[in-house]
Amino acid sequence: MKEDLFNDRIDQFIDAITKVARGDFSVQIELSEEMDHLDALAIGINMMVDDLRIGKLVELENEKIKELNIQLQIAKEKAETSDRLKSAFLSNMSHEIRTPMNGILGFTELLKEPLLPDQVQQDYISIIQKSGERMLNILNDIISISKVESGEMKIKISETNINDQIHFIYEFFKLEVEQKGISLSFRNGLPQEQAILKTDREKVYQILTNLVKNAIKFTSSGSIEFGYNLRNINDIQELEFYVRDSGIGILPEHINIIFERFRQGSELLTRNYEGAGLGLSITKAFVEMLGGKIWVESHWGKGSTFYFTLPVSSADELNVEKKAGQTSFREDFQVKKFNILIAEDDSTSEKLLKITLEKISNKVLSVGTGAEAVEVFKNNPDIDVILMDIKMPGMDGYEATRQIRQFNKDVIIIAQTAFGLEGDNEKALIAGCNDYISKPINRKLLTTILQKHFDQEKVQKLQV
Amino acid sequence: MVIKNISESEIWVEANKTYLLPGNIFYVISEGKQTEEMAIAHRLVCHQMSKLVTGKVNYLIDLNNCGKNEPGARLIWSQISDEENTNKVALFGMHPVARVLASFVMGITNRNNQRFFKTKEEAVNWLVS
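Heads up: the sequence lines are chains A and B, in that order. Quick note: the first sequence uses my numbering, first residue 3, plus one each step. Quick note: the second sequence uses my numbering, first residue 3, plus one each step.
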């Protein structure tokens, strides 16, 4: 009996030790009332198991702390990199803005010289114009990336003919590319009537433009080809676009970073090629917003091919082309001479508009406030078109439009929007405007908009 | 945590009793399981009692009815032993459990001022020697 009791107690010890060996540190051996040697052994084992349990907890905590330290280190490095890139960005931005500004101010000053030969004048003017366009591109890129970062960038889905977009881009860049001695070609992956895609037309245009522009920038000889193919992968259709160039290529170690903000593959490259390093990051953001992906294959010194995909939800999406909706500038369009009211508080913008509209206007009136616009229009009901600036002192363009619409629903009101912010254009339409145009105003685009809103029978040929 | 101030020289912490004896001896009778919280309370009690005496103090700790010591409790008692104001620490108990308990506490102190005895008399003799 005594032996049985003893053996039972020993079994408890064995059981406990076995559990501890398996990592169970919750085990405790029961004590008897005897307080004998076995109890002494039991209490000792119990306290040792407590120590092992605490040790294990400490070990786990240390692991967590180690992991946290690694994450903190990574975050610190990221913050330092971000800080460095931001400094590089600011420095680059300063350069990118000051450089064209230098061109504009410098050559404007030179234009003041009396008796400049015509050709020299034209050269200076061309430089000023190019510098202005370069600055505008930089500003547009900065606004785009800010909108993407802040989540303000929205998608507007409509039907677009991809072949038309490809062709437009080809025509747009053809001259510039040929002047560099490079050949430009394109390839449509689908017949015209099947090339309709439901997507954000503007973003697709920007994506392709960015990629082709990049190809031109980094190619000094050879060829550039762009286009698309229809792919069917696991019953999912997508259009795979490509832009292939025979330019400088990209180093393998830079391929993963070129889509990052402010990078052009290396900060050294940034200094050799103009640009803020935002184009590809904007392009990537747009592609991903549209549900696609973007990647590049490249060989240093030989050229690169940029690919991006756009999803097609079903074969039915690729429909016969619909005729309505698309407006493009036609060289042979005819515009009548309009009576125009300009509502613009900035004198320089007003002067520019007047000169721009000279060839297509009978009469041009101008006012500096929204209230004046309403009053002048009331007294001049023969006004055909109102170019309404939005931001004016006192009554703004939206309110002026609303008031005019209370007594006239027919006059064409075109809002001049300067902010480029999401919603500005929609606000203008809701207020009662027929259309909108962003500053700086492009004459071709303005006449295209006018063409859209006026009956073709009323127009006559425009000397551009 | 129940602390009872019976008198200036007798304070109870839960079931444990602490007495201030002549010769600057803090006599602690441990009863049952010793938690970290109890050990912390004991430390406060001993600091309070040490204001009643001049010079270093000695500890006489009865482990005859003591139960398992939590790891935190053992650490606190070892810290008490290591304090500059502590002279000697004598632990005693008749049975093997007491010896094991004492070993666990003595094993983590930095000073060599602790001994274990079987009887109270042996322990007191050493403290006053």
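C-beta: ideal position from N, C-alpha, C; glycine also.
Query	Result
Closer than 7 Å, Cβ to Cβ, to anything on chain B: give me those residues from the stretch 35-61 of chain A, in chain order.	Met37, Asp38, His39, Asp41, Ala42, Ile45, Gly46, Asn48, Met49, Asp52, Asp53 and Ile56
What are the boundary residues of the alpha helix (DSSP H) that includes Leu128/B?	For the record, residue 128/B in the displayed sequence is Trp; it is not Leu. Unbroken alpha helix (DSSP H) run through Trp128/B: Lys122 to Val130.
Of the residues that make up the stretch 98-120 of chain B, which ones have a beta carbon closer than 9 Å to any beta carbon in chain A?	Pro98, Val99, Ala100, Arg101, Val102, Leu103, Ser105 and Phe106
Using beta carbons (cut-off 9 Å, strictly below), is Lys21/A in contact with chain B?	no
Excluding the 5 residues flanking Arg55/A on each side, which residues of the same chain have their C-beta closer than 8 Å to its C-beta?	Phe27 and Ser28
For a cutoff of 9 Å on Cβ pairs, would you count Leu7/A as touching chain B?	no
Under 8 Å: do the stretch 406-421 of chain A and the stretch 376-387 of chain A share three or more Cβ pairs, one atom per stretch?	yes
Report the rounded CA-to-CA distance for Leu138/A versus Glu63/A, giving the unit in angstroms.	55 Å
Which residues of the stretch 61-73 of chain B have a Cβ closer than 7 Å to any Cβ of chain A? Give them in chain order.	Lys70, Asn71, Glu72 and Pro73
So, is the C-beta of Arg138/B closer than 9 Å to a C-beta in chain A?	A query on residue 138/B cannot be resolved here, the shown segment of chain B reaching from 3 to 131 and no further.
Which two residues bound the contiguous beta strand (DSSP E) that contains Phe288/A?	From DSSP, Phe288/A is part of no beta strand (DSSP E) but of the alpha helix (DSSP H) over Gly281 to Met291.
Taking 7 Å as the limit between beta carbons, can you name the residues of its chain near Thr285/A, skipping five residues before and five after?	Ile209, Asn212, Leu213 and Ile296
Report the CB separation of Arg76/B from Phe106/B in whole angstroms; it is logged as a contact under 8 Å.	6 Å
Enumerate, from N- to C-terminal direction, the unbroken alpha helix (DSSP H) stretches of 4 or more residues contained entirely within the stretch 193-228 of chain A.	203-219
Secondary structure at Phe119/B, three-state DSSP: helix, strand or coil?	strand
Among residues of its own chain, excluding the 5 on either side of Gly434/A, which ones have a beta-carbon nearer than 8 Å to its beta-carbon?	Thr403, Arg404, Ile406, Arg407 and Ile415
Can you give me the Cβ contacts of Lys58/B inside the same chain, cut-off strictly under 6 Å, excluding the 5 residues immediately before and after it?	Asn87 and Asn89
Going by the CB atoms, is the gap between Ile226/A and Ile218/A shorter than 9 Å?	yes
Taking the alpha-carbon of Ser440/A as reference, which of Ala430/A, Gln418/A, Ser222/A and Phe8/A has the nearest alpha-carbon?	Gln418/A
Could you check whether the stretch 20-33 of chain B touches the stretch 44-61 of chain B, counting it as contact only if at least three pairs of C-beta atoms, one from each stretch, sit closer than 8 Å?	yes
At the level of alpha carbons, what is the spacing between Ala18/A and Glu124/B?	36 Å
Could you pull the DSSP bridge partners for His301/A from this structure?	Gly305/A
Whole angstroms is fine: what's the gap from Lys8/B's alpha carbon to Val102/B's?	The sequence shown places Ile at residue 8/B, rather than the Lys named in the question. Whole-angstrom Cα-Cα distance: 31 Å.
Taking the alpha helix (DSSP H) that Phe170/A belongs to, which residues open and close that run?	Ile164 to Gln181
Are Trp302/A and Ile238/A closer than 9 Å when you measure CB to CB?	no
Kindly indicate which three-state DSSP category Gln30/A falls into: helix, strand or coil?	coil
What span of residues does the alpha helix (DSSP H) with Leu107/A cover, start to end?	His39 to Leu113
Could you spell out where the alpha helix (DSSP H) holding Ser185/A opens and where it closes?	Note, Ser185/A: premise wrong, no alpha helix (DSSP H); beta strand (DSSP E) at Ile184 to Arg189.
Less than 9 Å between the beta carbons of Ala92/B and Leu62/B, yes or no?	yes
Going by alpha carbons, who is nearest to Glu12/B out of Gln116/B, Val99/B, His44/B and Glu38/B?	His44/B
So does the stretch 156-167 of chain A actually touch the stretch 189-203 of chain A, counting three or more Cβ pairs closer than 8 Å?	yes
Pick from Arg189/A, Leu141/A and Ile159/A: whose alpha carbon is nearest that of Leu199/A?	Ile159/A
Label Asn258/A either buried or exposed according to how many other C-beta atoms from any shown protein chain fall within 10 Å of its C-beta, with 16 as the threshold for buried.	exposed
To which residues of the same chain is Lys176/A closer than 8 Å at the C-beta, ignoring the five residues directly before and after it?	Leu186
For chain B, is any of its Cβ atoms less than 9 Å away from the one on Leu33/A?	yes
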